Structure formats: C-alpha cells, structure tokens
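Structure first, commentary second.
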Ligand SMILES: [Fe+2]
Ligand SMILES: [Fe+2]
C-alpha cells in the first residue's frame, strides 16, 4: 500500500498573513514535485488511480489536465491482503430514484419552543463560525467557485459526522448505566454519522486538503465534539433540533451548488464524474454519475438527516421508540422509514408516529 501525501498550498483565507508564507512554501513544493498533484488553494487536487485498477470509466472525471503523465497516487488506496477479497459498507445505502432526489426542497421548521430558539441561535452562531473559516459567502459580489465549494463541503462534512456518533455513544452509555433498553435510537444515529463520513470520503477522492484545512478540521472537531457531548448530556431534544437546523443549512448549500452548476457558474463541475466510492455507495445508475448527480444524492441524504433529527426532537427521548427502526400496527398511511419516498422536512410530529 502506498499513499503519498502532499501538503496544500495557500492558507484558507487570502487575507491572512500566513498566506505569503504558504505561497512560498507551495512554490517550493511545486518545484520539487512537478506533477504528481495539482495544488489548488488549500486543496491538492488528486489524480485518480490508473485505468486498469479503476472500476468505472474515468473520462472527464477530473477537470484538471496534466500535460506530463506522472506517477499515479491515491488518497486512500484499498488495502490488499492475502485473504480478504473486499470489505463492504457496514450500512448499505437505500436506493434513491431520480424523481426522489429531484423532489428534495429547501425548508425551515419554525421555532416554537424555548428549546427550539436555543437550538436555532446555536446553529446561527455555529454557521457564522463555519462560514468564516471555510470562506463561504453566497452573494453576487462574492461568487462561489468549484474550489470554494469544495473547501466548504470538506470542512462541513468533517464535522457533520460528529453529532450522530456522540449521540449514539451517549445513548449506548445511558442504556447500560440505567439498565434500560435504548428503543432503537442508537442504530439510526450511528448510521447517520457513517453516512456523513461517506460524504467526506467522497469529496476527499476529488481533492486532498492541505495542512491549513487539516488544522481547521482538527480544531473544529475538537471544539464541536466536546460542546455537543456536553450539550447532549443536558438536553438531547435541543441537540436533535440543532442538528435538524444544521441539516436545513446543508440542504440549502447543496441546492445552491446544483443551481450554480445549472446556471453555468461551475464549468469544471459540469461534466465531472462522481468518484468510484460514490458510485458504489449510492449505487448510482449508468448515465447518472456526474458531479451534479452526486450532489443530488448528498443533498437527499442531508434532507433525510433533517427529517430524522427534527422527528427525534419532537418525541420523548427517554421513553419513545425510534420511529425509523420500528414496525407499525397499521399500514393504512405512510410511516417513517430509511428512504425518501415520504419526505417530512420539519420531521414527523409525535402523535403521528408514537
Ligand atoms: Fe453530509
Ligand atoms: Fe447531514
């Protein structure tokens, strides 16, 4: 197994004094390693594995051209061993139809209780911090580019996997500590964090973050993990509402990316193909494997997280079973499930599901 790493170039925000130092550093890197990777802002755009090892066609997958063929490297190559053929995903992803992924809408659940207002306030503060660190703005004067969106996506996905894991872990400990059943919450929460990590791994197959981004992720993860851990001990419902609001923002961001592709503002992404890890995970059908298709799938996942977390915030975390891992006495109307056939952006109300 070989995995060559190259440090990223410019600091994330160009106004920072560190950017001059980083530019100089990047120049020296470029001189010493001519073409194994293309440094692009804080990201290093990766080359994909050689065609013989690829599972899918790579035509136009990557928009960046290389004039000189160079040694191929892979960000996280598959580990080959004597005995193991393959290690499948722990949670198989449900298959979304084209109509389903296209039916996802931007939505907001109005705050009704004090808990909701606290969650919304915390979300807006968190979002302001993330926007600042990831250099995200979406207005006419500050047009987003493929690079800026990729920085944003990687940074956000790197922390998006935290809440599900923390909540699942605390539910696990609570169940053992109180010697009571968990009522099926844990699996959904851990699956959500797994899904978020798959989003991250997908974007990482397209661009490798530099050291500045890695540092930002490390700091954000450290702060967010601990803050969410403490908050979940105090009020799980408020935390799920917070995640519901966070996912509303994720749906909004990915919708903007899709709209910008449609408007011709992201030419590099227009014909770019989804990486193999994404094609396999979402079971993307032939002919529907572009970057735009990938963003539709990711957005659909975020809309599912939005619904799940708003629903979990609506029910009693102490006693109620998880509506997403339950079977129902009557089948005369839709019930929560893993798919997105019956979307409820604001979550299911308690009297509908319990
Ligand atoms: Fe995500
Ligand atoms: Fe999400």
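In our numbering, the protein residues as written are 1 to 354.
Quick reminder that beta carbons are idealized off the backbone N, C-alpha and C, glycines included.
Note that the structure is a prediction, hence the values are computed from the model and not measured.
Best match in the options for proximity to residue i [C-alpha to C-alpha]
i	options	result
residue 315	299, 261, 185	185
residue 346	247, 338, 325, 292	247
residue 330	352, 203, 340, 183	352
residue 356	297, 312, 160	Any property of residue 356 remains undetermined from this structure, which presents the chain solely from 1 to 354.
residue 148	343, 256, 332, 101	256
residue 307	77, 348, 114	348
residue 197	215, 153, 170, 182	153
residue 241	311, 260, 288, 221	311
residue 181	172, 146, 188	172
residue 274	225, 206, 253	206
residue 225	113, 159, 107	159
residue 303	338, 332, 328	338
residue 344	78, 279, 105	105
residue 129	107, 195, 217, 161	217
residue 89	252, 215, 280	280
residue 235	92, 287, 114	114
residue 245	188, 324, 325, 163	163
Integer-rounded CB distance, given that residue j should sit under 8 Å from residue i
i	j	result
residue 151	residue 135	6 Å
residue 239	residue 231	5 Å
residue 168	residue 193	7 Å
residue 258	residue 295	5 Å
residue 146	residue 199	Actually they do not touch by this definition, with Cβ atoms about 17 Å apart.
residue 300	residue 202	With a Cβ gap of about 14 Å, residue 300 and residue 202 do not count as contacting.
residue 291	residue 272	4 Å
residue 233	residue 170	7 Å
Residues bridged to residue i [DSSP beta-bridge criterion]
i	result
residue 126	Answer is none; residue 126 lacks a bridge partner.
residue 273	290
Terminal residues of the alpha helix (DSSP H) in which residue i lies
i	result
residue 156	146–160
residue 256	236–262
residue 111	Segment: none, residue 111 is in no alpha helix (DSSP H) and carries neither H nor E.
residue 351	350–353
residue 183	No alpha helix (DSSP H) contains residue 183, which DSSP labels as neither H nor E.
residue 101	98–102
For a minimum of 4 consecutive residues, which ranges assigned as the alpha helix (DSSP H) are wholly contained in the region 297–345? Runs of the alpha helix (DSSP H) lying entirely within the region 297–345 and spanning at least 4 residues: none are present.
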